[in-house]
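Undergrad: One structure coming up, written as structure tokens, with questions to follow.
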Amino acid sequence: MSQQSNRSVSLHPEHQWLDSSLGRYLQQEEQALYDKAVVDLFGFNALQVGCLQMDLLCNSRIAHRFKSTEYVSSPEVTHLYCCDDFLPIADASLDLLILPHRLEFSERPHQTLREAERVMMPEGYLLISGFNPLSLWGVTLFFRNLLHRQDSIDKPFPWSGSFIGLGRLKDWLALLGFEVVSVEMCCHIPPFEQASWHQRFSFMHQLGAKWLSAIGGVYFVVAKKRVAGMTPLKPNWKAAPLKSPLIARPTQRKPSQRGRSKQ
């Protein structure tokens with residue numbers, strides 16, 4: 001059987017859901033945020049991990065752009081097959097790393113972030129998008145878990161993930177030495193599966209973005225890797241010199257000195 005036929009046998013639920021009306025709405029919202037963020041980031045190497053149906057590096061000016069996934073059956077162009085929590089990449093080799101919805105579906109999200117810190121260059125940028133549990137999307141997940149008590153394997157995407165709060169994510173990033181540069185919210189329309197209901201609630205897009213931005217269905221975080229080190233201080237040449245008590249300074253001339261000067 002050919003490689004193309006192998007890929008067409010079965011697709012991961014993530015790919016199937018992103019092709020739905022709700023998935024396309026998510027792609028539209030997030031693509032705009034990533035395009036705006038990556039255009040001003042520079043470097044040599046960039047990597048997008050997962051969600052390959054969205055080309056989140058298409059607006060990047062970085063020369064070497066790569067994509068990775070853990071699903072061999074992915075029909076998109078992939079440069080690397082690997083898990084999120086163990087990246088086969090050298091230390092401090094990436095200037096830009098993108099993790100779209102990887103933490104809530106990672107078996108070990110802490111390890112995924114530690115790997116991100118390891119492979120990133122100092123002053124490199126980490127872009128993360130995730131589902132906000134304090135939103136209508138999070139409420140939907142809560143009631144789905146309450147009504148359907150089943151294994152996460154049987155749950156449809158994206159309700160099979162563990163949504164991570166924005167506050168907890170900021171704490172994790174701070175412990176790893178990341179500085180949160182900016183946070184934006186998107187997907188304020190409730191997670192209806194039907195496109196007709198999206199049109200009916202389209203008013204919530206502008207209303208939520210202006211007045212209820214904190215409860216958007218998806219958060220978008222831009223973080224920068226900081227490395228502790230010495231900060232060079234520029235000398236102030238105009239300042240008066242310090243007077244140290246250890247330095248002897250003459251107060252008056254002795255008689256012998258006056259006599260010598262007259263001679």
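Per this note's numbering, residue 1 is the first one in the sequence shown, and the count goes up by one each step.
Note that CB positions come from ideal geometry on N, CA and C, so glycine has one too.
#1: Let me confirm a value: N132 is counted as buried when at least 16 other C-beta atoms fall within 10 Å, else exposed. Which label applies?
#2: My understanding is that P100 touches L56, with C-beta atoms under 8 Å, so please give their C-beta distance in whole angstroms.
#3: Of the choices Y25, Q16 and L18, whose alpha-carbon is the least far from that of F201?
#4: Could you pull the DSSP bridge partners for I128 from this structure?
#5: So, helix, strand or coil for L41, using DSSP?
#6: Name the residue from L33, K155 and I128 whose alpha carbon lies nearest to the alpha carbon of K224.
#7: If you draw a straight line from the alpha carbon of L87 to that of A174, how long is it in whole angstroms?
#8: So G138 and F163 are supposed to be a Cβ contact under 8 Å. How far apart are they, rounded?
#9: Jot down the residue ranges of each uninterrupted alpha helix (DSSP H) in the stretch 147-183, minimum 4 residues, whole runs only, in chain order.
#10: Distance, Cα to Cα, M230 vs A32?
#11: Suppose only complete runs of 3+ residues qualify. What are the beta strand (DSSP E) ranges in the stretch 57-83, listed by chain order?
#12: Does the distance from the CB of C51 to the CB of S68 come in under 7 Å?
#13: For C58, collect the residues of the same chain with a Cβ closer than 8 Å to its Cβ; drop the 5 residues on either side in sequence, then sort them by chain order.
#14: Quick one: grab the DSSP three-state call for Q194.
#15: Look at the Cβ atom of D85, then the Cβ atom of T112, and state whether they are nearer than 7 Å.
#16: Could you pull out every residue in the same chain whose Cβ sits closer than 7 Å to the Cβ of E123, ignoring the five residues on either side in sequence?
#17: Output needed for P109: all residues of its chain with C-beta closer than 6 Å, excluding positions within five of it in sequence on either side, in chain order.
TA: So, from the listed chains and residues:
#1: Here the question's residue 132 lines up with position 132 in the sequence shown. Buried: at least 16 other Cβ atoms inside 10 Å.
#2: Position 100 of the sequence shown, counted from the start, is the residue given in the question as residue 100. Position 56 of the sequence shown, counted from the start, is the residue given in the question as residue 56. Between the beta-carbon of P100 and that of L56 there is about 6 Å, and that keeps the pair under the 8 Å contact cut.
#3: As a first step, residue 201 must be located in the sequence shown, where it is residue number 201. The candidate whose alpha carbon is nearest that of F201 is Y25.
#4: As a first step, residue 128 is located in the sequence shown; it is residue number 128 there, counting from the start. According to DSSP, which records beta bridges pairwise, I128 is partnered with L99 and V221.
#5: For the purposes of this step, residue 41 is taken as the residue at position 41 of the sequence shown. In the three-state DSSP reduction, L41 falls in the coil class, being neither helix nor strand.
#6: Your numbering for residue 224 matches position 224 in the sequence shown. Minimum Cα-Cα distance from K224 among the listed residues L33, K155 and I128 corresponds to I128.
#7: Taking the sequence shown and counting its residues from 1, one reaches residue 87 at position 87. Taking the sequence shown and counting its residues from 1, one reaches residue 174 at position 174. Between L87 and A174, the alpha-carbon positions lie close to 21 Å from each other.
#8: On the sequence shown, residue 138 is found 138 positions in, with the first residue counted as 1. On the sequence shown, residue 163 is found 163 positions in, with the first residue counted as 1. Between the beta-carbon of G138 and that of F163 there is about 6 Å, and that keeps the pair under the 8 Å contact cut.
#9: List check, alpha helix (DSSP H) in window: 166-175.
#10: The residue you call residue 230 lines up with position 230 of the sequence shown. The residue you call residue 32 lines up with position 32 of the sequence shown. Confidence is the limiting factor: at M230 the pLDDT is only 46, short of 50, which leaves the residue's position unreliable and the question unanswerable from this model.
#11: Counting only runs of 3 or more, we get 64-69.
#12: Sequence index remark: in the sequence shown, residue 51 carries index 51 (1-based). Sequence index remark: in the sequence shown, residue 68 carries index 68 (1-based). One thing to note: C51 has its Cβ no nearer than 7 Å to the Cβ of S68.
#13: As a position in the sequence shown, residue 58 is number 58, starting the count at 1. These residues qualify, in order along the chain: D35.
#14: As a working mapping, residue 194 is identified with position 194 in the sequence shown. Three-state result, Q194: coil.
#15: As a first step, residue 85 is located in the sequence shown; it is residue number 85 there, counting from the start. As a first step, residue 112 is located in the sequence shown; it is residue number 112 there, counting from the start. Yes.
#16: For this step, residue 123 is matched to residue 123 along the sequence shown. The beta carbon of E123 sits closer than 7 Å to the beta carbons of K224 and K225 from its chain, once the five residues preceding and following it are set aside; these are given in chain order.
#17: For this step, residue 109 is matched to residue 109 along the sequence shown. Contacts found: L103.
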